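Protein chains in written order, with the numbering used here: chain A, 2 to 497; chain B, 18 to 506. Every residue, glycine too, gets a C-beta built ideally from N, C-alpha and C. Just so you know, these numbers come straight off a predicted model, no measurement behind them.
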């Protein structure tokens with residue numbers, strides 16, 4: 002499997018789309034669609050053909066890159082990366098489809114940015130040289146910021162700036178931690194190394210390790226996002242174009258969770274164990290605060306954005322419970338939230354394209370004119386509040402069950418978040434689709450067109466996936482049955 | 018003077034001989050085109066000379082007590098030469114608007130280059146002062162060169178007076194240092210120093226060091242000695258601002274490094290490191306924070322770049338905190354790489370600034386004048402974007418690798434406060450850097466014909482723009498090309 006090829010062809014496809022848009026209008030979206038389809042096809046095929054066991058990290062590429070610092074271009078994957086890369090490619094497809102009609106200006110450049118940020122995200126999920134990881138971590142930001150800043154809504158510059166500065170400043174902290182780790186490696190072995198698997202063997206004193214761990218933790222907590230560094234997210238999500246919101250909620254937040262699992266928990270098992278109570282409290286506060294804030298929003302996209310904060314709180318709580326069940330729950334939450342929040346943002350985009358407003362007070366009674374849209378909205382809202390039978394239920398159930406073994410009290414409080422999510426989910430659904438139909442200025446009832454075939458395809462594929470995973474979660478969990486080998490180490494460290 | 022000495026001094030000799038010839042050339046025929054071509058020839062011959070030197074020179078060559086040519090000096094001089102060539106080309110388009118023949122401008126430019134060359138190669142306070150004054154006095158002439166500009170007199174006076182006071186501070190500092198060490202050479206005073214240190218009465222030495230650093234800080238526009246920078250940047254003609262921002266900064270920083278590392282053997286031996294080191298870190302922290310904070314609200318591009326250059330010199334100052342001998346190589350490498358990235362980005366920005374200015378008119382450019390440039394003059398906009406991202410230290414550009422170097426040095430020197438202020442500073446910096454980029458992408462106002470807005474760019478400028486974009490990106494992704502060059506040594 003050649004991840005480099007995947008990333009390269011995504012960027013190349015984006016560049017071609019940009020170029021051909023200048024020759025023939027509307028060709029960019031076809032190029033983008035074709036690229037994503039081809040790349041996903043290649044990825045799935047090579048997954049089927051290859052028979053390697055990915056339960057531990059399998060190195061794909063390792064070439065010397067910057068020799069003066071012994072930095073390498075090294076990519077490796079395990080099941081965690083593979084699941085997240087698959088999610089990324091799936092949502093990439095959704096993103097292209099939801100932008101189909103929405104983006105009318107500077108289309109070529111738009112698709113270039115979209116595909117470039119997807120390539121960067123895939124790089125983040127697969128890089129095992131820490132410098133390379135940081136490189137991709139930043140590279141995915143640039144096109145994402147451009148998406149918000151150029152094609153966003155009324156307050157786009159502020160949102161893009163906030164998004165960029167939050168992530169950039171926090172990632173500089175991570176860069177310092179990365180450099181310090183390389184320096185420690187130099188002290189212990191006489192050789193500078195940025196290679197992830199070299200770092201796993203380092204012995205850190207507990208005092209330095211806690212600072213280094215915090216450097217990584219802050220960067221990932223900003224991305225996740227967790228209280229108190231979450232405030233970029235509502236703005237960025239609200240102002241981004243639909244595909245931008247889908248990508249942000251669906252995949253970009255997952256890079257934070259991925260970083261927590263891959264780096265914070267594995268590189269610093271004992272200090273993360275020391276830090277775990279704080280992180281768990283942050284998770285629980287995020288769950289409740291996100292739910293409360295979501296309930297109070299008038300703006301559809303802001304509501305969904307706050308619900309993301311709430312759901313990511315479950316991930317944080319589960320990960321810092323050091324427990325196999327909670328770990329599986331966290332990974333399922335990543336997938337389920339990626340699908341359901343992506344779907345909700347796409348839905349908000351569809352509604353916006355009909356009524357040109359994100360304000361709940363301008364909506365209502367759309368069920369009459371658009372029953373299919375309403376049905377999907379109900380299903381996705383139900384997914385978000387964890388209706389049994391849908392993926393989110395399994396995910397949150399696992400997280401809570403796992404977390405209960407370590408933090409019984411906190412988990413009980415966190416479970417209140419489920420009630421909160423039911424409330425804001427119903428508020429969302431009712432105020433958009435139920436009640437009296439709104440009247441426009443001339444006194445006629447506002448009626449909106451129902452889903453088109455393209456939108457139907459988007460939503461039904463997402464819903465099918467949510468149901469399938471909800472009914473048969475082993476589809477994903479099967480890969481993570483023995484994933485707790487690494488976590489066992491963390492457990493031991495925690496027990497000490 | 019043997020052949021090796023002659024060989025290693027040749028770039029300087031070429032420039033000084035060229036300056037004399039240019040004077041003769043003016044006596045023979047006054048033609049602006051001729052002198053431009055002649056200056057370019059001088060610079061490129063000197064550049065080629067440097068190239069062959071950097072490949073062939075194995076060890077530093079000491080030429081009398083005054084001058085020591087090593088690879089760092091040659092590399093820095095190469096940067097100076099490239100920057101001056103761009104300055105010469107840019108000023109040729111700006112100087113055409115009046116009927117006068119501006120030969121003197123090019124003579125002054127050559128003198129600036131000569132001064133910078135002496136400065137980077139000097140190993141002695143006398144040659145340092147010589148280069149310093151040559152650089153400053155010629156720059157004063159150039160800053161005030163466009164007489165009809167409203168800010169011209171103000172900015173040249175400001176620069177003159179502050180340069181003069183900076184050099185008098187410096188002279189006094191040198192005198193104090195001399196009074197303790199008994200030698201004006203950088204290298205040889207160590208033995209003398211030790212006995213001073215043992216006596217414990219080294220207040221004079223410290224005072225001298227302080228005054229000397231203040232003099233340098235004026236020229237590097239480090240906070241709190243930065244007040245002249247924005248005014249002079251704004252008032253000077255754009256090519257001269259470029260010269261101030263690149264050549265003068267590079268030369269001054271290189272000489273600061275040379276001086277500092279020659280003293281550091283003394284500084285590490287006893288605890289005087291802490292007091293002088295604290296001073297340097299104060300300069301650094303203040304420059305990073307003040308420079309970035311004051312740049313926030315600037316609308317005028319030149320003033321904005323002035324403040325951002327203050328911040329960048331603050332970042333670079335972190336390198337001086339490494340004083341153990343094993344770290345020297347890394348420190349030099351970091352400084353040269355960072356300066357390279359900084360010079361390239363500044364060159365690109367000023368090039369774009371000059372090209373987007375209406376021809377022949379010297380006016381203040383504001384950030385909003387670049388609005389929507391990405392949609393009508395893509396090449397120029399890309400040039401600006403890569404330069405800005407490089408200054409902001411975002412990956413894919415050289416600036417990121419430069420910042421990576423600096424952070425490496427800072428971690429090795431364990432300067433956590435400096436790291437913290439670097440992070441805060443670059444966080445603030447993103448505000449104004451990103452604002453410029455957003456302006457470039459902003460839609461053009463309705464009603465205006467977007468094709469009419471595009472700037473006409475000559476083919477040679479196009480080539481230069483493509484070249485600087487490509488260099489910035491290639492070296493940003495594969496920095497090995499440059500580091501190998503620095504470390505052919």
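Partner residues on chain B for residue i, Cβ-Cβ distance less than 7 Å
i                      : result
residue 176 of chain A : 424
residue 150 of chain A : 455 and 458
residue 181 of chain A : 428
residue 162 of chain A : 448 and 451
residue 165 of chain A : 447 and 451
residue 338 of chain A : Per Cβ cutoff of 7 Å: no residues; residue 338 of chain A is ~28 Å from chain B at best.
residue 158 of chain A : 455
residue 184 of chain A : 428 and 429
residue 136 of chain A : 412
residue 143 of chain A : 411
Alpha-carbon spacing of residue i relative to residue j, whole angstroms
i                      : j                      : result
residue 29 of chain B  : residue 60 of chain B  : 10 Å
residue 391 of chain B : residue 454 of chain B : 9 Å
residue 299 of chain B : residue 334 of chain B : 10 Å
residue 19 of chain A  : residue 406 of chain B : 22 Å
residue 91 of chain A  : residue 246 of chain A : 15 Å
residue 383 of chain A : residue 420 of chain A : 12 Å
residue 435 of chain B : residue 142 of chain A : 26 Å
residue 496 of chain A : residue 409 of chain A : Note that residue 496 of chain A scores a pLDDT of 46, beneath 50, so its modelled location is shaky; the value from the coordinates is reported in the next line. Rounded to whole angstroms, residue 496 of chain A to residue 409 of chain A spans 17 Å at the Cα level.
residue 199 of chain A : residue 442 of chain B : 32 Å
residue 278 of chain B : residue 56 of chain B  : 34 Å
residue 184 of chain A : residue 239 of chain B : 30 Å
residue 479 of chain A : residue 51 of chain A  : 18 Å
Check: residue i C-beta below 7 Å from any heavy atom of the ligand SAM
i                     : result
residue 74 of chain A : With respect to the ligand SAM, the structure shown offers nothing to examine, as it has no ligands at all.
Interface partners of residue i on chain A, CB under 8 Å
i                      : result
residue 440 of chain B : 170, 173, 174 and 177
residue 443 of chain B : 169, 170 and 173
residue 386 of chain B : Near residue 386 of chain B there are no residues of chain A at all, since even the closest Cβ is about 18 Å away, more than 8 Å.
Where residue i sits in the DSSP three-state scheme
i                      : result
residue 195 of chain A : coil
residue 250 of chain A : helix
residue 468 of chain B : Unreliable positioning characterises residue 468 of chain B in this predicted model, as indicated by a pLDDT of 47, which lies under 50. The coordinate reading is nonetheless provided below. It is helical.
residue 67 of chain A  : strand
residue 127 of chain B : helix
residue 74 of chain A  : strand
residue 360 of chain A : strand
residue 300 of chain A : strand
residue 139 of chain B : strand
residue 7 of chain B   : The structure shown has nothing for residue 7 of chain B, since chain B only spans 18 to 506.
residue 486 of chain A : At residue 486 of chain A the pLDDT is 46, less than 50, meaning the model places this residue with poor confidence and gives no usable figure here.
residue 20 of chain B  : helix
Interface partners of residue i on chain A, CB under 7 Å
i                      : result
residue 413 of chain B : 140
residue 500 of chain B : 69
residue 497 of chain B : 67, 68 and 69
residue 71 of chain B  : Per Cβ cutoff of 7 Å: no residues; residue 71 of chain B is ~17 Å from chain A at best.
residue 436 of chain B : 177
Boundaries of the beta strand (DSSP E) in which residue i is found, first to last residue
i                     : result
residue 85 of chain B : 84-86
residue 80 of chain B : 78-80
Span of the alpha helix (DSSP H) around residue i
i                      : result
residue 429 of chain B : 415-430
residue 99 of chain A  : 80-103
residue 169 of chain A : 157-190
residue 319 of chain B : 318-334
Cβ separation of residue i and residue j, assumed to be a contact under 8 Å, to the nearest whole Å
i                      : j                      : result
residue 468 of chain A : residue 390 of chain A : 7 Å
residue 336 of chain A : residue 88 of chain A  : 6 Å
residue 153 of chain B : residue 172 of chain B : Not quite, the Cβ-Cβ distance comes to about 14 Å (not below 8 Å), so this is no contact.
residue 339 of chain B : residue 90 of chain B  : Not a contact, Cβ separation roughly 19 Å.
residue 333 of chain A : residue 381 of chain A : Contact doesn't hold; Cβ gap of about 17 Å is too wide.
residue 70 of chain A  : residue 170 of chain A : No, residue 70 of chain A and residue 170 of chain A are not in contact; Cβ-Cβ is about 23 Å, not under 8 Å.
residue 331 of chain A : residue 281 of chain A : No, residue 331 of chain A and residue 281 of chain A are not in contact; Cβ-Cβ is about 12 Å, not under 8 Å.
Partner residues on chain A for residue i, Cβ-Cβ distance less than 9 Å
i                      : result
residue 335 of chain B : Per Cβ cutoff of 9 Å: no residues; residue 335 of chain B is ~12 Å from chain A at best.
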